[in-house]
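Chains as they are written, first to last, in this note's numbering: chain A, 34 to 149; chain B, 8 to 119.
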């Protein structure tokens with residue numbers, strides 16, 4: 034167990050709706066990253082949060098947004114859901130950020146989002 | 008549980024044999040590498056990491072080899088067990104960048 038917990042574990046939404054996914058980082062970790070993993074592929078970086086601010090972003094549209102709270106937990110919000118948003122959404126926490134990288138990232142079990 | 012990696016390259020080995028999983032990376036600036044194991048229905052699990060100033064690192068039953076000349080990474084698993092069956096991903100990182108870049112994965116199947 035990594036200590037990174039995500040909720041919910043499974044979710045079904047309709048195209049056009051909005052969704053919020055949640056992540057609690059491992060104790061002592063102040064950096065949270067979100068990844069999207071389509072079936073049969075490796076995870077793709079969405080963005081990272083450090084000290085409650087977005088600290089880097091991958092090639093995802095603005096309808097993917099996030100938050101980080103003072104206790105380092107995080108939310109991923111996706112607006113105007115599309116069928117292609119169906120994927121496993123993974124949260125990873127790291128012990129450092131804000132300029133330092135190359136440290137271990139520990140993943141949660143993911144949230145399986147299905148858009149119909 | 009769900010199936011991760013329906014059409015991934017597959018390595019099939021007998022229980023007790025050694026396994027070698029390979030990964031090619033493309034960015035010569037990458038300086039940190041991680042191997043992850045992902046079982047069906049779960050998130051990636053950290054196995055071992057290596058920095059670019061090393062060419063070999065050993066853990067418990069696992070060894071990672073890094074060849075920067077040909078941009079190749081391998082994961083060796085000794086005495087493979089049925090519990091090692093999973094999809095294995097290599098991930099690379101560049102100091103100063105936030106994202107881990109993952110490879111496409113290899114499915115390891117251990118035959119009893």
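All C-beta atoms, glycine included, are put in the ideal place defined by N, C-alpha and C.
Could you list which residues in chain A have their beta carbon closer than 7 Å to that of residue i, in chain order?
i              : result
residue 49(B)  : 142
residue 111(B) : 74, 75
residue 120(B) : Not covered by the structure: residue 120(B). The range shown for chain B is 8 to 119.
Please list the terminal residues of the continuous beta strand (DSSP E) segment that includes residue i.
i             : result
residue 89(A) : 86 to 90
residue 52(B) : 52 to 58
residue 80(A) : 77 to 83
residue 44(B) : 39 to 45
residue 96(B) : 93 to 100
residue 97(A) : 97 to 101
Excluding five sequence neighbours on each side, which residues of the same chain lie with their C-beta closer than 6 Å to the C-beta of residue i?
i             : result
residue 98(A) : 110
residue 87(B) : 20, 24, 26, 117
residue 43(A) : 145
residue 40(A) : 55
residue 80(B) : 30, 40, 73, 97
Run down chain B in chain order and give the residues with a C-beta less than 7 Å from the C-beta of residue i.
i              : result
residue 94(A)  : Within 7 Å Cβ-Cβ: nothing; residue 94(A) doesn't reach chain B, min ~16 Å.
residue 138(A) : 107
residue 99(A)  : Simply none; closest approach about 13 Å.
Going along the chain, which residues of its own chain have a beta-carbon closer than 8 Å to the beta-carbon of residue i, five neighbours each way excluded?
i             : result
residue 69(B) : 42, 54, 55, 82, 83, 84, 85
Residues of chain B with a CB under 8 Å from the CB of residue i: which are they?
i              : result
residue 59(A)  : Within chain B, no residue comes near residue 59(A); the closest Cβ sits about 11 Å away, beyond 8 Å.
residue 123(A) : 50, 51
residue 66(A)  : 105, 106, 107
Anything in chain B within Cβ reach of residue i, meaning under 9 Å, just list it in chain order.
i             : result
residue 81(A) : 105, 106
Only counting the same chain, and skipping five residues up and downstream in sequence, which positions put a Cβ closer than 7 Å to that of residue i?
i              : result
residue 113(A) : 49, 96
residue 8(B)   : Because residue 8(B) carries a pLDDT of 37, less than 50, the predicted location of this residue cannot be relied on, and no value is offered for it.
residue 92(B)  : 115, 116, 117
residue 131(A) : Note that residue 131(A) scores 44 on pLDDT, short of 50, meaning its location in the model is unreliable and no value can be drawn from it.
- Task: Count the C-beta pairs between the stretch 58 to 66 of chain A and the stretch 33 to 50 of chain B that are closer than 8 Å, then say yes if the count reaches three, no if not.
- Result: At 8 Å Cβ cutoff, the stretches do not touch.
- Taking 8 Å as the threshold, find out whether the stretch 106 to 116 of chain B comes into contact with the stretch 53 to 67 of chain B through three or more Cβ pairs. Flag = no, the stretch 106 to 116 of chain B and the stretch 53 to 67 of chain B do not touch.
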